[in-house]
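There are 2 protein chains.
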Amino acid sequence: MTARTSAESPRGIPEATVARLPLYLRALTALSERGTTVCSSEALASAAGVNSAMLRKDLSHLGSYGTRGVGYDVANLRYQISREIGLTQDRNVAVVGLGNLGQALANYAGFRSRGFRVVSLLDADPRLFGMTVADLQVRPVAELEAVVAELDVAIGVVATPAEAAQEVTDRLVAAGVASILNFAPTVLSVPEGVDVRKVDLSIELQILAFHEQRRSPSYAPTISTTPAARGAVAVQEEGR
Amino acid sequence: MTARTSAESPRGIPEATVARLPLYLRALTALSERGTTVCSSEALASAAGVNSAMLRKDLSHLGSYGTRGVGYDVANLRYQISREIGLTQDRNVAVVGLGNLGQALANYAGFRSRGFRVVSLLDADPRLFGMTVADLQVRPVAELEAVVAELDVAIGVVATPAEAAQEVTDRLVAAGVASILNFAPTVLSVPEGVDVRKVDLSIELQILAFHEQRRSPSYAPTISTTPAARGAVAVQEEGR
DNA sequence: CTCGGTTTGTTCCTGCGTTCACAAACTCCT
DNA sequence: AGGAGTTTGTGAACGCAGGAACAAACCGAG
Numbered sequence: 044m045t046a047r048t049s050a051e052s053p054r055g056i057p058e059a060t061v062a063r064l065p066l067y068l069r070a071l072t073a074l075s076e077r078g079t080t081v082c083s084s085e086a087l088a089s090a091a092g093v094n095s096a097m098l099r100k101d102l103s104h105l106g107s108y109g110t111r112g113v114g115y116d117v118a119n120l121r122y123q124i125s126r127e128i129g130l131t132q133d134r135n136v137a138v139v140g141l142g143n144l145g146q147a148l149a150n151y152a153g154f155r156s157r158g159f160r161v162v163s164l165l166d167a168d169p170r171l172f173g174m175t176v177a178d179l180q181v182r183p184v185a186e187l188e189a190v191v192a193e194l195d196v197a198i199g200v201v202a203t204p205a206e207a208a209q210e211v212t213d214r215l216v217a218a219g220v221a222s223i224l225n226f227a228p229t230v231l232s233v234p235e236g237v238d239v240r241k242v243d244l245s246i247e248l249q250i251l252a253f254h255e256q257r258r259s260p261s262y263a264p265t266i267s268t269t270p271a272a273r274g275a276v277a278v279q280e281e282g283r
Numbered sequence: 044m045t046a047r048t049s050a051e052s053p054r055g056i057p058e059a060t061v062a063r064l065p066l067y068l069r070a071l072t073a074l075s076e077r078g079t080t081v082c083s084s085e086a087l088a089s090a091a092g093v094n095s096a097m098l099r100k101d102l103s104h105l106g107s108y109g110t111r112g113v114g115y116d117v118a119n120l121r122y123q124i125s126r127e128i129g130l131t132q133d134r135n136v137a138v139v140g141l142g143n144l145g146q147a148l149a150n151y152a153g154f155r156s157r158g159f160r161v162v163s164l165l166d167a168d169p170r171l172f173g174m175t176v177a178d179l180q181v182r183p184v185a186e187l188e189a190v191v192a193e194l195d196v197a198i199g200v201v202a203t204p205a206e207a208a209q210e211v212t213d214r215l216v217a218a219g220v221a222s223i224l225n226f227a228p229t230v231l232s233v234p235e236g237v238d239v240r241k242v243d244l245s246i247e248l249q250i251l252a253f254h255e256q257r258r259s260p261s262y263a264p265t266i267s268t269t270p271a272a273r274g275a276v277a278v279q280e281e282g283r
């Protein structure tokens, strides 16, 4: 999922755990809004949709914030996870590419509420320059370097067509952005130390389609070790 | 990532492999458009951003479609992967929830080009009824069951607010939809046999933020085994 | 036909992630 | 104060994923 090769972060929190911390945070927020002040690992795990043993092991990587025989203090645990992820400090985000998806991202309320401020919108299309989206004016992508420097952009969201994604990424990285969220359907290559996460909508659908096919009654295995079943490729495979 | 518990699909293709097949497909399409007819595992792996040994192992799960000493026939391999994923047959998709994100999804060109047809748009807000998005009229979510039956919907995309997501999902499942792509920031519970995949934008950003914090020079470890470093929680932890 | 060069398919191995199971620790009741 | 009941934190076991390395298979040259 990420360019990071090591499976562990410096202090020793496994990647798999890091990926679940936001889940726990969301579950804790929901519990808190319902007035719950203390919860067991069982309750929290069920709210987050994971196994309770896994939850306890994940949390143990952060420290011992629970009380045996009682459970976890919701408010405290929420704070501890927030701090661990680094949400106690706001981070500035620039969105590059304001097609349908880019505009939706710019308007996405879930960012702001979690400490991410969209501070700049950039696009290559002159027709979009000056257009207002989510209270921000779209600026030319030519100003990317200036924007990153002036507005202290920490995270770049790439929502451009696939063709432009690599160049935009290169420029973001050169300007000092070390965290990139990529929505373009392409593989980005970045230097060591830069973190790329990708979200690919059509890939998710294709994975669903795969399982869908397995369920369908019309599905019958077509690949086997018998030559007859190999069909069309037999020519290539067995030709001399 | 998915509700599926077993790591292997019926015929024995590991989940991790399934998740990479669409990547290979995209790389093959790119090669094909460049006029390449044959490619080595090394070349294809580099285009897909993975290790070549892993690629060969992944492909070996589908069958023996390569030729030793030569490589893979691009067109044939492309077809084989398409067939394995089930892209040779189009699938109908319904999008529920037409906020910013839902509209962007309805317009997303990457769906259609990969054999996914968005055939219906549903929302609960009467102000959106009849509005045209991507050549489709938005219909009331009350008609969900009718739409699923009439249009043979195979995949449901949930892009509603978190509060409505579970109810919409329940209705989709009851209507016979067994594949769900969830964009709402909530955990969906579904019966056995239903496949849910989730895409959570703010979680991706939070994971980036975590690594970002580890890079930042102001970062200093605050958790340790020494009581003094535990700070604020000492009260709860050590109190009687 | 044979031999060297190339590339796949597969085997082995290492390491991570997940789950089970239990000891340690805390609360509450008597 | 003591014991029963709960719940956390963790040690151990197991399974899967990823990578290295090699044998099998193919092509082309001589």
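Protein chains in written order, with the numbering used here: chain P, 44 to 283; chain A, 44 to 283. Built from N, CA and C at the ideal position, the CB exists for glycine as well. Everything numeric in this text was worked out from a predicted model, so none of it was measured.
C-alpha gap between S89 (chain P) and I223 (chain P), whole angstroms:
31 angstroms
Notebook entry, point to check: Nearest to D166 (chain P) by alpha carbon, out of P:S103, P:S156, P:Q180?
Noted result: P:Q180
Burial state of E255 (chain A) (16 or more Cβ within 10 Å): buried
Just to confirm before moving on: does the CB-CB distance between L215 (chain A) and V136 (chain A) stay below 9 angstroms? no
**OP:** Name the residue from A:R240, A:E247, A:V190 whose alpha carbon lies nearest to the alpha carbon of G219 (chain A).
**Re:** A:V190
Q.
Judging by CA-CA distance, which residue of P:S75, P:A73, P:A185, P:E206 is the nearest neighbour of L164 (chain P)?
A. P:A185
> Who are the Cβ neighbours of Q146 (chain P) in its own chain at under 7 angstroms, not counting the five residues just before and after it?
Replying inline: V176
- From the DSSP output, which residues share a beta bridge with D168 (chain A)? None; D168 (chain A) has no bridge partner.
P65 (chain P) versus chain A: which residues are under 8 angstroms apart at the beta carbon? D243, S245, I246, Q249, I250
Return the bridge partner residues of K241 (chain A) from the DSSP annotation. A:N225
By alpha-carbon positions, which one of P:G114, P:A221, P:A86, P:S103 ends up nearest to R258 (chain A)? P:A221
_Simplified DSSP assignment, three categories, for T60 (chain A)_ = helix
- Query: Which of helix, strand or coil does DSSP assign to S83 (chain P)?
  - Reply: coil
Exercise for review: Can you grab the Cα-Cα spacing for the pair F253 (chain A) / E193 (chain A), in whole Å?
Suggested key: 46 angstroms
Could you run through the segment 138-170 of chain P and flag, in chain order, every residue whose CB is less than 9 angstroms away from some CB of chain A?
G142, N143, L144, G145, Q146, A147, L148, A149, N150, Y151, G153, F154, S156, R157, G158, F159
| said: Does E287 (chain P) pass the burial test, meaning 16 or more other C-beta atoms within 10 Å, or should it be called exposed? | reply: Beyond the ends of chain P as shown, which are 44 and 283, falls residue 287 (chain P); an answer cannot be given.
Checklist line | Span of the beta strand (DSSP E) around V201 (chain P) | finding: 196-201
Problem - Alpha carbon of S107 (chain A) to alpha carbon of N94 (chain P), nearest angstrom - result: 38 angstroms
*Please decide whether Q180 (chain A) counts as near chain P, where near means a Cβ-Cβ distance under 9 angstroms.*
no
| task | Starting from the Cα of G109 (chain P), find the closest Cα among P:G129, P:L87, P:L130 and give me that residue. | result | P:L87
Sequence-distant residues of its chain with Cβ nearer than 7 angstroms to A70 (chain A) (five each side left out) = L87, A90, A91
*Just curious, the alpha helix (DSSP H) that R182 (chain A) is in, first and last residue?*
Careful: R182 (chain A) lies outside any alpha helix (DSSP H), inside the beta strand (DSSP E) at 179-183.
To which residues of the same chain is R41 (chain P) closer than 6 angstroms at the C-beta, ignoring the five residues directly before and after it?
-> No answer is possible for residue 41 (chain P): it lies beyond the span of chain P, which begins at 44 and ends at 283.
Practice item. State the DSSP-derived secondary structure class of G55 (chain A), mapped to helix, strand or coil. Key: coil
> For R283 (chain P), does the count of other Cβ atoms within 10 angstroms reach 16, so buried, or fall short, so exposed?
Replying inline: Annotation note: pLDDT 26 at R283 (chain P) (below 50); position unreliable, no value reported.
Task: Neighbour flag for G92 (chain P) against chain A, beta carbons, 9 angstroms - done: yes
- Put A152 (chain P) into one of helix, strand or coil per three-state DSSP. helix
* **Coarse secondary structure for S163 (chain P), derived from DSSP in three states** => strand
Within 9 angstroms, strictly: CB atoms of L141 (chain A) and A202 (chain A): yes
### Query
With a CB to CB cut of under 6 angstroms and the five nearest residues on each side skipped, what residues in its chain are close to T60 (chain A)?
D101, H104
Could you name the residues of the same chain whose beta carbon sits closer than 6 angstroms to that of L68 (chain A), not counting the 5 residues immediately before and after it, in chain order? I124
Query raised in the report: Does any residue of chain A bring its CB to less than 9 angstroms from the CB of P234 (chain P)?
Result: no
Item checked: Under 9 angstroms between C-beta atoms of G78 (chain P) and P228 (chain A) -> no
Taking D238 (chain A) as the query, report the chain P residues whose CB atoms sit under 9 angstroms from its CB, ordered along the chain.
I250, L251, H254, E255, R258
Open item on the list: Within the continuous alpha helix (DSSP H) that includes V211 (chain P), where are the two ends?
Closed with: 205-217
Worksheet item: Does DSSP put G114 (chain A) in a helix, in a strand, or in coil?
Response: strand
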